[in-house]
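Note sheet for the following structure.
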Amino acid sequence: MAVLKRGGKDAITHYRVLARFRQQSLLAVHLETGRTHQIRVHLSHIRYPIVGDQTYCTRRMHFPELPKAIQIALKAFTHQALHAYKLSLTHPVTKVTHEWKAPMPMDMQNLIQLLQDDAAAHHDYDA
């Protein structure tokens, strides 16, 4: 999958930065369309690769200026750091909207906490 200027299907992704760390950011993403790998493709295209994404992360996740604990945590994150905290669907017949929410996985919470602590220690944190 890739972002194409012509000939591709429309794919619309909205995002906002929830927190900025020294080398990473925490984003909230909303999809208007649901293309395959849409979030991963779009974020990679704008140079916001997803931690743990071995397909669309085109640069090495190497941050020598970060503490060893964070480097180890980033390297050990073997899956994409994506979480659907809320899904909602409108039933096609009844038109009733159903919504499901799920807590963020503990490994992501732990990684975010490490990044927050590091950013706060370096006074480079705005979340």
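Position one of the sequence shown corresponds to residue 16 (my numbering), numbered consecutively onward. Glycine residues also receive a C-beta, built at the ideal position from the N, C-alpha and C atoms.
Return the CA-CA distance between residue i and residue j, expressed in angstroms with no decimal places.
i    : j    : result
V66  : S103 : 25 Å
R31  : F92  : 23 Å
D133 : H98  : 22 Å
L129 : S59  : 23 Å
Q53  : T28  : 8 Å
A135 : D25  : 39 Å
A43  : A34  : 10 Å
T48  : V111 : 20 Å
F36  : P64  : 14 Å
G23  : H57  : 13 Å
Taking the alpha helix (DSSP H) that residue i belongs to, which residues open and close that run?
i    : result
K55  : According to the sequence displayed, residue 55 carries Arg and not Lys. Residues 53 to 60.
A135 : 121 to 136
Taking Cβ positions, are residue i and residue j nearer each other than 9 Å?
i    : j    : result
P82  : Y100 : no
Q86  : P79  : yes
A96  : M123 : yes
Y71  : R55  : yes
L126 : L89  : yes
H94  : T105 : no
Would you mind reading off the limits of the beta strand (DSSP E) that contains residue i?
i    : result
K83  : Segment 83 to 91 is the alpha helix (DSSP H) holding K83; no beta strand (DSSP E) there.
A43  : 40 to 46
F104 : Rather than Phe, the amino acid found at residue 104 in this sequence is Leu. Per DSSP, L104 belongs to the beta strand (DSSP E) from 101 to 105.
A34  : 28 to 35
E114 : 112 to 116
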